[in-house]
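Everything on this sheet refers to the single structure shown next.
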Amino acid sequence: MFKKIILIALILTGTFAISAQNNQKIKGNGKIVTVNRTTSTYDGVAVGGPFDVILVKGKEGEITIEGEENIIPYIETEIEGDILQIKFKKNTNINTTKRLTITVYFESIEKVSLAGSGNITSNEIIKSKDFAVALGGSGNITLKVDANEISANIGGSGNIELIGKSNELTSSIAGSGSIKAYGLNADSLSVNIAGSGSVNSTVKTKIKVKIVGSGNVYYKGKPSSIDTKSVGSGSVIDRN
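Quick note: the sequence shown uses full-length UniProt numbering, first residue 1, plus one each step.
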C-alpha cells in the first residue's frame with residue numbers, strides 16, 4: 001500500500017513541477033466563487049499542488065471548490081483507478097492571489113497523499129482497517145484516524161500530524177520532515193528515518209527504530225520493548 005501511495009505522490013510532484021515551468025500562464029483575478037462538482041466514489045485522495053483540502057464525512061463524490069473564478073476551471077478533480085486526483089491541468093503555470101479551498105466528502109477512505117506545499121485536514125475521524133498517508137514536499141497533513149494499521153511516510157520537509165488510535169503505526173521519513181503523533185495512541189511503533197527528520201508518538205507496548213543520520217524519535221507511554229539501530233547521532237528519547 002505504501003509503495004502505491006508514495007508513487008502517486010511522486011508522480012504528482014513531477015506533474016506539479018513540470019506544470020509550473022510550461023506554457024500557459026494564468027494569474028488569479030481575485031474574484032472568489034464557489035463551484036460544486038461530482039465524481040464517482042473513491043478509496044483515496046491524492047493532492048498535487050498548493051490547495052487547502054478539507055476531508056468531511058458525507059456523500060462520497062461530492063466536491064466543493066472555493067477560489068478565484070478564473071483559476072477553478074484549471075483544477076482537475078478526476079478519478080484514476082480508485083483514487084481522487086486533485087491537481088492543476090498540465091501545461092499551465094498558475095499564480096493564485098487568493099486561497100484555494102477544496103472540500104472533499106467521503107464515506108470511507110484508506111489512503112491520502114499530498115505532493116507540494118498544500119494542506120490536507122480532516123474534521124472528522126477516518127475509520128479504516130488499514131490506512132496510509134504519504135507526503136512529498138513541504139506541505140502539511142493533519143488527520144484524525146482510527147485504524148488497525150497506519151502507515152505514515154514523508155519524503156521532504158513536510159509535516160504529518162495524526163490524532164486517534166491504532167494497533168500499529170509504521171512511519172518512514174527521508175529528509176527533514178516530522179511525524180507528530182502524540183495524539184495517536186498506538187500499541188506499537190516502527191520507525192525508519194534517513195536524514196534529520198523526527199517522529200513522536202504515544203506507545204503502549206513496543207518500539208522498533210532504525211535511524212541513519214541525525215533524526216530523533218520521541219515517545220510517551222510505557223513500552224516494554226525498545227529496539228534501536230542508529231548510524232549517526234539520532235536517538236530515541238523518553239518524553240514522559
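Backbone N, C-alpha and C define an ideal beta-carbon position, used for all residues, glycine too.
How long is the line joining the alpha carbons of residue i and residue j, rounded to whole angstroms?
i: Asn29; j: Asp52; result: 19 Å
i: Gly164; j: Val203; result: 12 Å
i: Val35; j: Gly232; result: 51 Å
i: Asn185; j: Lys89; result: 39 Å
i: Asn119; j: Val56; result: 14 Å
i: Ser235; j: Gly215; result: 7 Å
i: Ile63; j: Leu135; result: 22 Å
i: Gly156; j: Lys222; result: 30 Å
i: Asn200; j: Asn140; result: 16 Å
i: Val45; j: Ile109; result: 8 Å
i: Tyr74; j: Ile54; result: 19 Å
So, residue i versus residue j, is the Cβ gap smaller than 8 Å?
i: Asp187; j: Glu161; result: no
i: residue 241; j: Ile150; result: Past the edges of the chain, shown from 1 to 240, lies residue 241, and the structure says nothing about it.
i: Thr39; j: Leu100; result: no
i: residue 244; j: Tyr105; result: The structure shown does not extend to residue 244, since the chain is modelled only from 1 through 240, so no value can be given for it.
i: Gly195; j: Ala174; result: yes
i: Val33; j: Glu69; result: yes
i: Gly61; j: Thr41; result: yes
i: Phe131; j: Ala147; result: yes
Residue i: which of the options sits nearest, CA to CA?
i: Ser117; options: Ser138, Tyr182, Ser178; result: Ser138
i: Thr121; options: Gly156, Lys129, Val112; result: Val112
i: Ile211; options: Thr64, Glu62, Ile193; result: Ile193
i: Lys129; options: Asp43, Ile54, Gly197, Lys27; result: Asp43
i: Asp227; options: Ile207, Asp82, Tyr105; result: Ile207
i: Asn93; options: Asn23, Asn240, Thr205; result: Asn23
i: Gly177; options: Gly183, Ser190, Ile102, Asn153; result: Asn153
i: Asn240; options: Gly81, Val133, Tyr218; result: Tyr218
i: Ile79; options: Arg37, Gly197, Thr170; result: Arg37
i: Lys220; options: Val209, Ile237, Ser230; result: Ile237
Using DSSP with H/G/I as helix, E/B as strand and the rest coil, what is residue i?
i: Tyr42; result: coil
i: Ile72; result: helix
i: Ile125; result: coil
i: Ile79; result: strand
i: Gly48; result: strand
i: Asn91; result: coil
i: Glu149; result: strand
i: Leu100; result: coil
i: Arg37; result: strand
Return the chain-ordered ranges of every beta strand (DSSP E) run that is complete within the region 155–203 and spans a minimum of 3 residues. 159–175, 178–195
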